[in-house]
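Quick notes on the structure that follows.
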Amino acid sequence: MKRSLWLMLATLTVAGLGSVPIIRGQGCQLQAWAAELREFGTDGSDGRDGRNGRDGRSGNSQTVTASGTSLNLNLAGEDGGDGEAGEAGGRPQCRAQPRDVAYDLQAADGGEGGEGGRGGNGGNGGSLTVYYTDPAALRQVAVDARGGRSGRGGTGGQGAAGCRCDRTEWTLRTCTGTPGTPGYSCRDDRYVCRDGQYGSNGGYGQNGQDGQPGQIRLVNQLNPLPPEAPSLTLALENLLNQPVTLSKNLWDARTGAAALLAPGSQVADSYLAYRGRVEGKAQIVWQAPRPVTSFAGTGVTAEINEAGELGLAFPSDVWIAGEPSRTDGLTTFTVTGAVRASDATRLAWGTTQGRSRDLTMSIVDLGRESAFLTTRFRLTLRTTADDPGSDRNPRYTVRYDDWIADDLVTRDGDRFVLAIGRLPISQGVFRSGTLARIELKAVRSLGSNSAEQTLSWEGKF
């Protein structure tokens, strides 16, 4: 809050010397004359911010059966608390103003007021599930599931007044040289005192938000709904030939909830009406070349949708290929291939052999997954006739930029051999000693998963 003290040197321009400080005195005793600003007194402390209001608790959720007997249910959310007011700024300590000083003065500032606290949010109304068989029985159920009111923001604290100057300006005479001599001169310097600033008032705290009214669910039966399990996440090995059961309750969204209940009920207008349930089982059958033990502990999520269709989701770090099938409510996912995603992009340059049409370059799969992945290569070849030892950078020309045909790629285990010399371009490009740059993009895939890796090479053919 405080201003920085400043120091300003008066200057005088002397021919041949530029700007130098004005000096005063006799003989060899020289002193720099300066005008400066000094503060007196102690600034007031800033007020503390008010505490935020407490959020209201949400109303209780409840399940009842509408049998025709009157029910009066209070599921209302609690009101939020008001925010506290910010503390007033502290008054400064106003000391006596120094008299007849050869510098400007600044009186102490008042403290700033604290910010008001935020109002608490109102609690949400509780939800209600009602089992019934006679819609008329719902008219005997009175529900108060209002959301709680929001708390108000606290007021900001007032800032304190700053100290005031007794004298706002004064003049001091300064003389140089010896009286009666030609070099003797005097000057009058004016100084000022500035009043301290009034501390700013703190801002009002924001009001909280009102809570939402509770929603009701209507189930047109008396038997309680069994628990549902719309999704499960298990270790892969726990799904092998061991079906897990998934289930999901189905609801229709409707409006006009209050009109179905006792007069005066306060609930959210939208409500959910039960319309049935879907169930299904899921399992995994492992037929991949890699043993399942290589992927032990991998989490798999099984889910069922409203149509009763089951699906399996595997983590992104494991690539899975396979086919689902469904028979009598059992969904079986047969895994035909599996690799770890990190092993799909571990290609590296191998050796370069041959010349001209017999030129080949090899790529080594350090992840050792080539037998299980589909791999394609796109090559960009640039060459230059410039001397790399010259002062300017070589200028390269694109000679080929396309996918490499499958018949020019040979795989030997985890090693790919690319017949570069047989690319459909002029054989002069591969003349011995030609400086070349190659960018090779490998696209590897398994099922719906794919990844790219780019390798670069620079050298002479």
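At position 115 of the sequence shown the residue is numbered 120 (this note's numbering), and the sequence of numbers has no breaks.
Quick reminder that beta carbons are idealized off the backbone N, C-alpha and C, glycines included.
Please tell me whether, using a cut-off of 7 Å, the distance from the CB of residue i to the nearest non-hydrogen atom of the ligand GDP is below it.
i      : result
Gly-52 : Among the components modelled here there is no ligand, and therefore nothing to report on the ligand GDP.
With a 10 Å radius around its C-beta and 16 neighbouring C-beta atoms as the bar for buried, classify residue i as buried or exposed.
i       : result
Gly-32  : Summary for Gly-32: the model assigns pLDDT 31, below 50, so the residue's position carries little reliability; its value from the coordinates is reported in the next sentence. It is exposed - the Cβ of Gly-32 has fewer than 16 other Cβ atoms within 10 Å.
Ser-132 : buried
Arg-172 : exposed
Leu-371 : exposed
Ala-101 : exposed
Lys-253 : buried
Glu-314 : exposed
Asp-412 : exposed
Val-403 : exposed
Leu-177 : exposed
Cys-168 : buried
Asp-54  : buried
Asp-406 : exposed
Arg-280 : exposed
Ser-453 : exposed
Gly-464 : exposed
Got a sec? Which residues, its chain only, sit under 8 Å from residue i by beta carbon, not counting five neighbours each side?
i       : result
Asp-109 : Ala-40, Glu-41, Leu-42, Arg-43, Tyr-196, Val-197, Cys-198 and Arg-199
Thr-303 : Ala-240, Leu-241, Phe-319, Pro-320 and Val-323
Thr-70  : Val-135, Tyr-136, Tyr-137 and Leu-227
Val-272 : Gly-130, Leu-133, Val-148, Ala-150, Pro-218, Gly-219, Gln-220, Ile-221, Ala-262, Ala-263 and Leu-266
Gln-288 : Leu-244, Leu-245, Asn-246, Gln-247, Pro-248, Val-249, Leu-335, Thr-336, Thr-337 and Phe-338
Asp-139 : Ala-71 and Gly-73
Asp-348 : Gly-372, Arg-373 and Glu-374
Ser-9   : Any reading at Ser-9 must be qualified, since the residue scores a pLDDT of 37, below 50, and its modelled position is unreliable; the value itself is stated next. Contacts found: none.
Report all residues from its chain with a CB closer than 6 Å to the CB of residue i; omit the five preceding and five following residues, and keep chain order.
i       : result
Glu-117 : Asp-51, Gly-94, Gly-164, Gly-204 and Ser-205
Gln-217 : Asn-129 and Gly-152
Val-297 : Trp-291
Ser-270 : Ala-147, Val-148 and Ala-263
Asn-310 : none
Val-224 : Tyr-136 and Tyr-279
Pro-268 : none
Val-2   : Any property of residue 2 remains undetermined from this structure, which presents the chain solely from 6 to 466.
Ala-166 : Gly-115 and Tyr-203
Give the range of the beta strand (DSSP E) segment to which residue i is assigned.
i       : result
Gln-67  : 67-70
Gln-288 : 275-291
Val-323 : 323-332
Glu-463 : 454-465
Gln-145 : First-last for Gln-145: undefined, no H or E at that position.
Gln-271 : Run containing Gln-271: none; DSSP gives neither H nor E here.
Cys-168 : Segment: none, Cys-168 is in no beta strand (DSSP E) and carries neither H nor E.
Ser-252 : 249-260
Ala-150 : It is not in any beta strand (DSSP E) - Ala-150 carries neither H nor E in the DSSP assignment.
Phe-338 : 335-345
Leu-440 : 440-451
Ile-368 : 365-370
Val-297 : Note, Val-297: premise wrong, no beta strand (DSSP E); not H, not E.
Asp-5   : In the structure as shown, the chain begins at 6 and stops at 466. Residue 5 is therefore absent and cannot be evaluated.
Ile-309 : 304-309
Glu-174 : 174-181
Leu-315 : 315-318
Ala-353 : 352-358
Tyr-137 : Element bounds for Tyr-137: n/a, residue is neither H nor E.
Leu-428 : Counting along the chain, Leu-428 falls outside any beta strand (DSSP E), and DSSP gives it neither H nor E.
Using 8 Å as the threshold, is the C-beta distance between residue i and residue j below it?
i       : j       : result
Leu-76  : Ala-147 : yes
Leu-440 : Leu-378 : no
Leu-80  : Ala-142 : no
Glu-284 : Thr-250 : yes
Ala-90  : Gly-58  : no
Ser-361 : Gly-426 : yes
Ala-107 : Phe-45  : no
Asp-215 : Arg-154 : yes
Thr-47  : Pro-97  : yes
Leu-364 : Ile-443 : no
Ala-301 : Leu-277 : no
Val-340 : Glu-374 : no
Glu-83  : Gly-115 : no
Gly-85  : Gly-213 : yes
Glu-308 : Pro-231 : no
Thr-183 : Arg-192 : no
Thr-350 : Arg-449 : yes
Gly-316 : Gly-207 : no
Trp-354 : Arg-381 : no
Gln-432 : Ala-447 : no
At least one CB of chain B closer than 8 Å to the CB of residue i: is that the case?
i       : result
Cys-191 : Reference to chain B is not applicable here, since this structure consists of a single protein chain.
Near residue i, what residues of its chain come up, given a Cβ to Cβ distance below 7 Å and the 5 sequence neighbours on each side ignored?
i       : result
Asp-87  : Gly-58, Gly-124, Gly-156, Arg-157 and Gly-159
Arg-400 : Thr-389 and Asp-391
Arg-4   : Residue coverage of the chain in this structure runs from 6 to 466, which leaves residue 4 outside it and unanswerable.
Subject >> Minimum length 3: unbroken beta strand (DSSP E) runs contained in the stretch 191-244 >> reply: Whole beta strand (DSSP E) segments, 3+ residues: 221-224 and 236-240.
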